[in-house]
Amino acid sequence: MTRLNRLRLAIAISTMALSLLFVQPRLAFAGESSSTRLASATPVIESVSDTLAFIRWTTQNPGGTILHYAVVRYGKDPNNLNLTAESPTRINPGHSEMVFRVRVANLKPGTTYYYKVSSEQAGGISDPVTSAVNQFTTRPANRMSAEK
Amino acid sequence: MTRMKCSETFSLLSIAGLTALAMLMAVPDASAQGTPPPQLNFLLPAGFQIPPADQQCILPGERLNLQCILANDPDVKRIIAEEAKLEAQALAAAKSGKLDPYHQVENLGKLEIFDPNLSVNKNVACSYCHDPAAGYGNGVSILSVFTGGSSLGSVPITVPGAYPNNRIAKRNPQSYTYASYFPPLHYNQSQADFYGGNFWDGRATGYKLQNSAAEQAQDPPLDPEEMANPDSACVVWKLSQSNYKFFFEVVFGVGSLEINWPSDVATVCSTPKGAASLGGNPTPVQLSTSDRTLSNKDFDEFAQAIAAYESSDSVSPFTSKFDYVLAGKATLTPQEQNGYDLFRGKGSCNTCHLDGRSSTQLGGSDTGQAASLQPLFTDTTYNNLGLPKNVRLPWYSEDTPDQWGFTGNPLGFGFTDEGMGLFLDGYYGAPPDLDWGVQLPQFEGKFQTSTARNAAMAPYPGFVKAYMHNGYLLSLKEVVHFYNTRDVYPFPVLSGHCPSGTVEKVTCWPMPEDPNNENTTIGKLGLTSEEEDDIVAYLRTLVDGYKP
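Chains as they are written, first to last, in this note's numbering: chain H, 31 to 178; chain U, 15 to 562.
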C-alpha cells in the first residue's frame, strides 16, 4: 500500500468514525434509548428438566404494544437455530424494566441446545435487543422435577 | 430449607391436620345416620368441613350426588331464601310507584335476576349461580370444592345411575360485578389484542346491543346446561305470566308483552333446550312474524334491564376500602400497603388488573396521581395462565345422553377448554366478526382477566371460593401462590398425580390444560410466602361495602 493510499484509508476511517458520532445521537432522539438499542440481552436458564426449560432475560422497557412476545430461537446446531418458542407476556408501562421469559417445551432429554433470545411487539415488530448464541443441556430422561 | 419452603411445609401440615380433624369429626356423624361417606383421597381446603347435611351426598370417587346437594346443602337453602327476600323487596319497590325512571330499569333487572320462574323448570334464578354474598359468583361452598364452582342447572338427569345426576355447566360462573363496564368485544389493531366482551371466553361480545353485559344476560336462560329454555320467546312468555308483568310494561311500554301465544306454549316452554323432540329448532314457539319481532325486542330489553341492575350501586358500587383510600378517606395498614406495593411492583399484578394508579417498581415511590378514581382492576384482555385441568369437573362425565337425548359433552374427558379459542373457532357458532377467525392461533387457551374487585368477598368465614374459569384454585392464597410459582414447580402430570414428596398446589403444579399462548408475565415472581400473604391482604381491601 502506497503512502497516498494509506492516507486515503486513514481519512476514510476517520470519516466513518466521525459519521458514527453524529449518527448515534440522532438514533437516540428517534424515541429509543440508545442503551436499550445497543444493549445485548443476557439470558439465564431459570430452570431445566428433561423436556422443559424456562429462559429469562431482562431489558429496559421496550414500549410499543402492551402485549409482547418473548422469543427463543433454538436448535441442536449453533449455526442452525431452526426451532422457535414464543411466550406472550404483557409489559407494564409504569415499570422501567421488562422481564421476558419463555417456556421451551418438548425438548429431548440429555440434549444440548443452542439458542438466542429476542422479543417483539404484538404486531410482529421486533424489539432491538437480542442476545448472542448460548447453550443449555436438558437432564436425562425420567426426571419428574425441574432442576432449579 | 428456605423461609418459603418452611412456610409451605407448615401450611401443608396445617392442611393435613385440619383435614384429618375434619374427617374424624365428620365420620361419626355420618355413621350415626347409617350412611358413612366414602373416604376422600384429596385434601379438603384448610378450614373447610363437609356440612353434616351433605355427608350423605358424597359418592364414591370423590363425587357429589347433585340432587342430594340441592335438597340438603345449607348454602343452597341460604341462597334460595336470599333470592326470595330480594325478589320480594324488588316487587314491593315496583308496586310502590315511587321509583324514578332510572331506578325503575334497575329494579326490573333485579326482579328478573332473582326470579327462578324464568328457568325451564322454574327452579333456578340467575342468582343461583351468582350469589350476591359471594361477590356474585358461586355461593355454594361444597360445589367450589367438588365441582370447581360449577352450579347446577335447571334440568335433573334421571337416567338410572347417571353421574352427574343434574345438568351442570363446564365453567366456574364468572362474577358479574363491574361486568357492565366492559366495552363490547373489539380487536384493537394497534395493540393487536382483544379487549372487552363478557364471559370467560368473550363470546358475549355486546356487538348487537352495544352492551356486553346485556348480551351475557341472554345466554344462561337459553344454555341447555343452565336455565335451559328452548326458545328466547319462552323467557318472554314467562315474563308475561309473572307478577311483575305490569312493571316491565311500565319500563318498556304498555303492550310490550301482549303477544298471541300459541296454545302449546306451556308445553314447549317446559321442554329443556337440547331435547331431541325439539329437533334442533331454536324457535319452537310458533309465533307470527310481528309477534316474533316483538318477542325479540322484549328479550333484548329483558337483558338490558339486567345489565342496568348489574351496573347499579347494589352490584357495582365502588365502595371498597381501596376506593376510600383513593378518595383520601382511609389508609391502608402496613401489610395492605406492602401488598399493594407488591401488587404493582414485584408481583406485576397491575399489568393486567389495572389499579388506576401510576406504577412503580418495588422500592420506588408513588409520585403519580390516580389515573382513574374508578379503576376496574382488569384490562378486559385475555390470557392463558396455564391452569391445570380441573379433573373434578362433572362436565367431563356428561358424555352420555340424558333422558331428553341431550349430551352436554360428547368428548368427555377429552374435552380441552380452549377459552377464547373455542369462541373464535366456532364452538358456539360463527363469531359476529368473521375476520376474528384469523386470530385463533394467538388466542387459543386464553380467558378473560377477571376484575380483582370482590374476589375476596365471601358469605361467611370458612366459605371456600373457587377461582379461575375452571375453579381449580380454592383460595386467594392459592391464586397468588400459583402466579408466583407456576414455573418453579412444573410437573408433566394431571391433577391428582403429583409425584411423592411434593404437594399439589404447594410444591407441584400439574401441566397446563392448554399450553398454547401461555402467559409468562407470571410464573416465577420470586415472592416469599409472607409477601404472598401481603398481596392477599391487599386484595381484601377491594371488597365492596367498606365503612370508613
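Each residue gets a CB set at the ideal place from its N, CA and C atoms; glycine is no exception.
Could you have a look at residue i and say whether DSSP puts it in helix, strand or coil?
{"i": "residue 291 of chain U", "result": "helix"}
{"i": "residue 177 of chain U", "result": "coil"}
{"i": "residue 119 of chain H", "result": "strand"}
{"i": "residue 397 of chain U", "result": "strand"}
{"i": "residue 68 of chain H", "result": "Unreliable placement is indicated for residue 68 of chain H, whose pLDDT of 40 sits below 50; the coordinate value is still reported in the next sentence. Here residue 68 of chain H sits in helix by DSSP."}
{"i": "residue 328 of chain U", "result": "coil"}
{"i": "residue 318 of chain U", "result": "helix"}
{"i": "residue 107 of chain H", "result": "strand"}
{"i": "residue 248 of chain U", "result": "helix"}
{"i": "residue 86 of chain U", "result": "helix"}
{"i": "residue 556 of chain U", "result": "helix"}
{"i": "residue 281 of chain U", "result": "helix"}
{"i": "residue 296 of chain U", "result": "coil"}
{"i": "residue 146 of chain U", "result": "helix"}
{"i": "residue 235 of chain U", "result": "helix"}
{"i": "residue 388 of chain U", "result": "coil"}
{"i": "residue 85 of chain H", "result": "strand"}
{"i": "residue 306 of chain U", "result": "helix"}
{"i": "residue 161 of chain U", "result": "helix"}
Report the residue from the options whose alpha carbon sits nearest the alpha carbon of residue i.
{"i": "residue 144 of chain U", "options": "U:116, U:90, U:410, U:493", "result": "U:90"}
{"i": "residue 277 of chain U", "options": "U:300, U:256, U:294", "result": "U:300"}
{"i": "residue 94 of chain H", "options": "H:166, H:145, H:115, H:150", "result": "H:150"}
{"i": "residue 141 of chain H", "options": "H:166, H:159, H:124", "result": "H:166"}
{"i": "residue 169 of chain U", "options": "U:75, U:153, U:175, U:288", "result": "U:288"}
{"i": "residue 492 of chain U", "options": "U:501, U:481, U:502", "result": "U:481"}
{"i": "residue 95 of chain U", "options": "U:107, U:79, U:137, U:122", "result": "U:137"}
{"i": "residue 280 of chain U", "options": "U:247, U:271, U:444", "result": "U:247"}
{"i": "residue 261 of chain U", "options": "U:540, U:117, U:478", "result": "U:117"}
{"i": "residue 152 of chain H", "options": "U:228, U:363, U:456, U:538", "result": "U:456"}
{"i": "residue 478 of chain U", "options": "U:97, U:411, U:149", "result": "U:149"}
{"i": "residue 400 of chain U", "options": "U:547, U:102, U:529, U:98", "result": "U:529"}
{"i": "residue 122 of chain H", "options": "U:387, U:66, U:293, U:366", "result": "U:366"}
{"i": "residue 405 of chain U", "options": "U:431, U:187, U:119, U:79", "result": "U:431"}
{"i": "residue 156 of chain H", "options": "H:130, H:90, H:99, H:108", "result": "H:99"}
{"i": "residue 475 of chain U", "options": "U:63, U:74, U:501, U:536", "result": "U:63"}
{"i": "residue 115 of chain H", "options": "H:77, H:136, H:97", "result": "H:136"}
{"i": "residue 85 of chain U", "options": "U:74, U:517, U:69", "result": "U:69"}
{"i": "residue 73 of chain U", "options": "U:151, U:176, U:153", "result": "U:176"}
{"i": "residue 109 of chain H", "options": "H:168, H:171, H:163", "result": "H:163"}
{"i": "residue 186 of chain U", "options": "U:106, U:197, U:152, U:172", "result": "U:152"}
{"i": "residue 531 of chain U", "options": "U:461, U:309, U:371, U:494", "result": "U:461"}
{"i": "residue 358 of chain U", "options": "H:107, H:97, H:126", "result": "H:126"}
Give every residue of the same chain whose Cβ lies closer than 7 Å to the Cβ of residue i, excluding the five residues on either side of it in the sequence, and list them in chain order.
{"i": "residue 402 of chain U", "result": "486, 509, 523, 524, 525, 526, 527"}
{"i": "residue 334 of chain U", "result": "467, 555, 556, 557, 558, 560"}
{"i": "residue 46 of chain U", "result": "Legend: pLDDT at residue 46 of chain U = 36, less than 50; position of this residue unreliable, value from coordinates given subsequently. For residue 46 of chain U, where only same-chain residues beyond five positions count, there are no Cβ hits under 7 Å."}
{"i": "residue 192 of chain U", "result": "330, 390, 465, 467"}
{"i": "residue 81 of chain U", "result": "170, 179, 180"}
{"i": "residue 249 of chain U", "result": "132, 235, 243, 313, 316"}
{"i": "residue 500 of chain U", "result": "400, 523, 536, 537"}
{"i": "residue 88 of chain U", "result": "65, 67"}
Are the beta-carbon atoms belonging to residue i and residue j less than 7 Å from one another?
{"i": "residue 128 of chain U", "j": "residue 166 of chain U", "result": "no"}
{"i": "residue 221 of chain U", "j": "residue 395 of chain U", "result": "no"}
{"i": "residue 235 of chain U", "j": "residue 243 of chain U", "result": "yes"}
{"i": "residue 325 of chain U", "j": "residue 110 of chain U", "result": "no"}
{"i": "residue 101 of chain H", "j": "residue 148 of chain H", "result": "yes"}
{"i": "residue 427 of chain U", "j": "residue 215 of chain U", "result": "no"}
{"i": "residue 113 of chain U", "j": "residue 121 of chain U", "result": "yes"}
{"i": "residue 182 of chain U", "j": "residue 164 of chain U", "result": "yes"}
{"i": "residue 397 of chain U", "j": "residue 533 of chain U", "result": "yes"}
{"i": "residue 303 of chain U", "j": "residue 245 of chain U", "result": "no"}
{"i": "residue 392 of chain U", "j": "residue 463 of chain U", "result": "yes"}
{"i": "residue 413 of chain U", "j": "residue 423 of chain U", "result": "yes"}
{"i": "residue 340 of chain U", "j": "residue 59 of chain U", "result": "no"}
{"i": "residue 129 of chain H", "j": "residue 117 of chain H", "result": "no"}
Excluding the five sequence neighbours on either side, which residues of its own chain have a C-beta within less than 8 Å of the C-beta of residue i, listed in chain order?
{"i": "residue 161 of chain H", "result": "70, 71, 72, 73, 87, 146, 147, 148"}
{"i": "residue 320 of chain U", "result": "123, 126, 127, 140, 227, 228, 231"}
{"i": "residue 80 of chain H", "result": "137, 139, 140, 168, 169, 170, 171, 172, 173"}
Run through the stretch 127–154 of chain H for me and flag every whole beta strand (DSSP E) of 3 or more residues, listed as ranges in chain order. 127–134, 142–151
In the stretch 420–491 of chain U, which residue ranges form an unbroken beta strand (DSSP E) of at least 3 residues, counting only runs that do not cross its ends? Counting only runs of 3 or more, we get nothing.
Threshold first: 3 residues or longer. Then list the beta strand (DSSP E) segments lying entirely within the stretch 180–212 of chain U, N to C. 180–182, 200–202, 207–209
Give the list of continuous alpha helix (DSSP H) stretches no shorter than 4 residues that lie fully inside the stretch 89–143 of chain U. 115–127
At what residue ranges does the stretch 491–552 of chain U contain a whole run of the alpha helix (DSSP H), taking only runs of 4 or more? Here no run is fully enclosed.
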